[in-house]
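Data first, discussion second: the structure below is written as structure tokens.
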Amino acid sequence: MGLLDRFRGKEAARPEEELRRLVLQVMEVLRETEEIMDDLPPELRQGARRSFDESVGESIGDCRKRLEKMERKLLAGDLKDIPRPELAGLRERMSRLDDHMIRSYLSAMKLTGDRGGKKAIRASARRRADQVEELLKALERVTR
48 MGLLDRFRGK EAARPEEELR RLVLQVMEVL RETEEIMDDL PPELRQGARR SFDESVGESI
108 GDCRKRLEKM ERKLLAGDLK DIPRPELAGL RERMSRLDDH MIRSYLSAMK LTGDRGGKKA
168 IRASARRRAD QVEELLKALE RVTR
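Letter by letter, the sequence shown follows residues 48 to 191 in the numbering used here.
As structure tokens, this is what we get:
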């Protein structure tokens, strides 16, 4: 299939490029999550941040920095130049982030009373969780 795609002018993305695209997606998910938390009332905001920190094992800012560092490495070189433990560590964090997204989605559904709010939360949470899951699957393929 790869050979036929080349004749048609379609080249498959290098693994580094695909992984970088997914890292950028998750960075956007973190930005959106932080915006959502900032819009919460102060008493809920603090609890949401604490929940994130405990579930993921680091703050949103630290998680974003980890992804930015990986993105720079993917931009600069080959995947084989990135130490295995670093990829495995990122995979572990993304697994924890994925679990947190699912749990926070369920909690948000309990907090929202109106049907329209629940529908909006469901759509937003599902999309963000799917993006994190995409990166997680790619990292699992790479670290096998």
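All C-beta atoms, glycine included, are put in the ideal place defined by N, C-alpha and C. The model shown is predicted, which means the values in this text are computed figures rather than measured ones.
Please classify residue i: is it buried, with 16 or more other beta-carbons within 10 angstroms of its beta-carbon, or exposed?
{"i": "Ile63", "result": "The question names Ile, yet the displayed sequence has Glu at residue 63. When all chains shown are included, Glu63 counts as buried."}
{"i": "Asp125", "result": "exposed"}
{"i": "Gly49", "result": "Because Gly49 carries a pLDDT of 49, less than 50, the predicted location of this residue cannot be relied on, and no value is offered for it."}
{"i": "Leu144", "result": "buried"}
{"i": "Leu122", "result": "exposed"}
{"i": "Arg175", "result": "buried"}
{"i": "Arg93", "result": "A small fix is needed here, since residue 93 is Gln in this sequence, not Arg. Its Cβ having fewer than 16 others within 10 Å, Gln93 is exposed."}
{"i": "Ser140", "result": "At residue 140 the sequence reads Arg, which differs from the Ser that was named. Arg140 should be labelled buried."}
{"i": "Arg188", "result": "exposed"}
{"i": "Ala95", "result": "buried"}
{"i": "Arg173", "result": "exposed"}
{"i": "Arg61", "result": "exposed"}
Hey, residue i and residue j: beta-carbon distance below 8 angstroms or not?
{"i": "Ser98", "j": "Asp146", "result": "no"}
Quick one: measure Cβ to Cβ for residue i and residue j, integer angstroms, because I've assumed they're closer than 8 angstroms.
{"i": "Leu134", "j": "Leu186", "result": "6 angstroms"}
{"i": "Leu183", "j": "Arg138", "result": "7 angstroms"}
{"i": "Lys120", "j": "Ile129", "result": "5 angstroms"}
{"i": "Glu118", "j": "Leu71", "result": "6 angstroms"}
With distances taken Cα to Cα, identify the nearest neighbour of residue i among the options.
{"i": "Tyr152", "options": "Leu71, Leu87, Ser171", "result": "Ser171"}
{"i": "Leu77", "options": "Glu180, Ala95, Arg111", "result": "Arg111"}
{"i": "Thr190", "options": "Arg131, Glu181, Gln178", "result": "Arg131"}
{"i": "Leu69", "options": "Glu115, Gly136, Ile129, Met84", "result": "Glu115"}
{"i": "Glu180", "options": "Arg61, Met117, Ile149", "result": "Ile149"}
{"i": "Asp109", "options": "Gln178, Lys127, Pro88, Glu81", "result": "Glu81"}
Tell me, please, whether the CB atom of residue i is closer than 8 angstroms to any CB atom in chain C?
{"i": "Glu63", "result": "Given the protein chain composition of this structure (a single chain), no chain C is represented."}
Run through the stretch 48–122 for me and flag every whole alpha helix (DSSP H) of 4 or more residues, listed as ranges in chain order.
Taking only runs of at least 4 residues, the alpha helix (DSSP H) segments lying wholly in the stretch 48–122 are 49–54, 62–86, 89–103.
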